[in-house]
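Comments concern the structure below.
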Amino acid sequence: MLTTIALSVFAAAACGWMGMCAVRDHHAALAERKGLLDDAARLFASSRISFGPDHFPVVVGRLEDGRQAKIELIADTMVTRRLPQLWLRVTLSEQRNRSRPTIGALARPTGAEYYSLVHDMPDWMAPPETEASLLMRGDGRATAWQAERVSALFRNLFVDPTVKEAVITPGGTRIIRQAAQGEPGAHKVLRQARFPLTAIPPELVRAALAEAEALSAVLAEDERAALAYEAA
5 MLTTIALSVF
15 AAAACGWMGM
25 CAVRDHHAAL
35 AERKGLLDDA
45 ARLFASSRIS
55 FGPDHFPVVV
65 GRLEDGRQAK
75 IELIADTMVT
85 RRLPQLWLRV
95 TLSEQRNRSR
105 PTIGALARPT
115 GAEYYSLVHD
125 MPDWMAPPET
135 EASLLMRGDG
145 RATAWQAERV
155 SALFRNLFVD
165 PTVKEAVITP
175 GGTRIIRQAA
185 QGEPGAHKVL
195 RQARFPLTAI
205 PPELVRAALA
215 EAEALSAVLA
225 EDERAALAYE
235 AA
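The numbering used here applies: residue 5 is where the sequence shown begins, and numbers increase by one.
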């Protein structure tokens with residue numbers, strides 16, 4: 005009888021200790037999140053950092069030409085049979101709406117990408133041939149020439165398996181890249197989304213910014229022709 009009681013007390017104490025450790029580790033992980041984009045913020049002459057409800061930072065800065073760049077992190081735990089994913093989302097906003105259609109592509113779509121813009125686009129488009137399955141959609145305004153130009157760029161972009169989504173709109177462009185995968189132990193045992201990094205590498209942010217700029221420039225020649233036609 006005493007042995008049973010002792011075992012019960014020990015089990016309760018062990019569960020309580022494990023619970024305290026899990027809560028402590030969770031709070032520590034939330035605190036670490038706040039510094040993930042500190043290095044990225046230094047890429048801009050001036051920037052500001054805010055924090056979302058999930059404690060992930062958001063950086064907003066300006067490029068030399070005045071365009072706004074927004075750097076965000078998204079923790080994706082929607083696919084239960086896959087480790088959590090930490091996505092880096094870079095949005096480059098134009099200073100004015102451009103004369104171009106909306107076109108986007110999403111790699112390896114599951115339907116659970118709540119952060120995706122492509123799922124909301126009404127017009128299905130034929131994607132380029134790549135090793136990864138691509139969902140390509142738009143707003144139905146792209147000419148054959150524009151679709152061909154953008155498809156060629158998407159073909160090159162999605163050679164990199166860490167690229168998840170690329171979008172062109174009149175108001176800006178967006179690129180989503182994988183920043184990290186969750187730690188297997190924390191996910192399987194504690195059901196927590198913990199990522200094994202203390203900072204997002206500036207090189208990754210620079211690459212995403214360059215890709216967003218390439219998306220912005222791909223239809224520039226067509227836009228110049230349209231503006232010249234309107235002015236004639």
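Cβ atoms here follow ideal geometry from the backbone N, Cα and C, with glycine treated the same way.
Open item on the list: Please classify Thr106 as buried or exposed, where buried requires at least 16 neighbouring CB atoms within 10 angstroms.
Closed with: Working through the sequence shown from its first residue, we reach residue 106 at position 102. Thr106 counts as buried, since no fewer than 16 other beta carbons sit within 10 angstroms of its beta carbon.
Task: Residue range of the unbroken beta strand (DSSP E) whose run includes Pro61 - done: For the purposes of this step, residue 61 is identified with residue 57 of the sequence shown, where counting begins at 1. Segment Pro61 to Arg66, the beta strand (DSSP E) holding Pro61.
Open item on the list: Could you pull the DSSP bridge partners for Phe55 from this structure?
Closed with: The residue you call residue 55 lines up with position 51 of the sequence shown. Answer by DSSP bridge pairing, in chain order: Pro61.
Open item on the list: Strictly by DSSP, which residues pair up with Ala184?
Closed with: Taking the first residue of the sequence shown as position 1, residue 184 is located at position 180. According to DSSP, Ala184 bridges with Leu90.
- [ ] Could you check if Arg181 is buried or exposed, using at least 16 other CB atoms within 10 Å of its CB as the buried criterion?
- [x] Along the sequence shown, read from residue 1 onward, the residue named residue 181 stands at position 177. Buried, since its Cβ has 16 or more Cβ neighbours within 10 Å.
Task: Cβ-Cβ separation, Val122 to Glu169 (assumed contact under 8 Å), whole Å - done: Taking the sequence shown and counting its residues from 1, the one referred to as residue 169 is at position 165. Taking the sequence shown and counting its residues from 1, the one referred to as residue 122 is at position 118. Right, their Cβ atoms sit about 6 Å apart.
- [ ] Provide the residue span of the alpha helix (DSSP H) that contains Arg141, from first to last.
- [x] Position 137 of the sequence shown, counted from the start, is the residue given in the question as residue 141. Element bounds for Arg141: not the alpha helix (DSSP H) but the beta strand (DSSP E), Leu138 to Gly142.
- [ ] Check the C-beta distance from Gly176 over to Ser97 and give it rounded, since I have them as a contact under 8 Å.
- [x] Stepping through the sequence shown from its first residue, residue 176 is reached at position 172. Stepping through the sequence shown from its first residue, residue 97 is reached at position 93. The C-beta distance from Gly176 to Ser97 rounds to 4 Å, short enough to fall under 8 Å.
Task: Sequence-distant residues of the same chain with beta carbon closer than 8 Å to Gln150, five excluded per side - done: Locating residue 150 in the sequence shown gives position 146, where the first residue counts as 1. The beta carbon of Gln150 is closer than 8 Å to those of Arg104, Pro105, Ile107, Leu223 and Asp226 in its chain, skipping five residues each way along the sequence.
Open item on the list: What residue range does the alpha helix (DSSP H) around Glu217 cover?
Closed with: On the sequence shown, position 213 is the one that residue 217 refers to. Start and end: Pro206 to Ala221.
Open item on the list: Once the 5 residues before and after Tyr119 are set aside, which same chain residues still bring their CB inside 6 Å of it?
Closed with: For this step, residue 119 is matched to residue 115 along the sequence shown. Here the set comprises Ile78.
Task: C-alpha gap between Ser220 and Arg93, whole angstroms - done: For the purposes of this step, residue 220 is taken as the residue at position 216 of the sequence shown. For the purposes of this step, residue 93 is taken as the residue at position 89 of the sequence shown. Spanning the two alpha carbons is a distance of roughly 16 Å.
Task: Local conformation of Ala18 per DSSP, three classes - done: Walking along the sequence shown from the start, residue 18 turns up at place 14. With a pLDDT of 43 at Ala18, under the threshold of 50, the predicted position of this residue should be treated as unreliable, though the coordinate-derived value follows. The three-state secondary structure of Ala18, taken from DSSP, is helix.
- [ ] Could you round the C-beta distance between Asp127 and Gly144 to whole angstroms and report it? I think they count as a contact, below 8 Å.
- [x] In the sequence shown, residue 127 corresponds to position 123, counting from 1. In the sequence shown, residue 144 corresponds to position 140, counting from 1. The Cβ separation is near 4 Å, so the contact holds.
TODO: Assign Leu41 to one of two classes, buried (16 or more other C-beta atoms within 10 Å of its C-beta) or exposed (fewer than that).
DONE: Position 37 of the sequence shown, counted from the start, is the residue given in the question as residue 41. So Leu41 ends up on the buried side.
TODO: Kindly indicate which residue of Pro206, Thr134, Ile53 and Thr81 has the alpha-carbon position closest to the one of Asp43.
DONE: Position 39 of the sequence shown holds residue 43. Among Pro206, Thr134, Ile53 and Thr81, the Cα nearest to that of Asp43 is on Pro206.
- [ ] Ignore the nearest five residues each way along the sequence and tell me which others in Arg159's own chain have a CB closer than 7 Å to its CB.
- [x] Your numbering for residue 159 matches position 155 in the sequence shown. Excluding sequence neighbours, Arg159 sits near Pro132 and Thr134.
Task: Euclidean distance between Cα positions of Arg75 and Glu217 - done: Reading the sequence shown from its first residue, position 71 is the one you call residue 75. Reading the sequence shown from its first residue, position 213 is the one you call residue 217. Here residue 75 is Ile; the residue named in the question, Arg, does not match the sequence. In a straight line, the C-alpha of Ile75 is about 14 Å away from that of Glu217.
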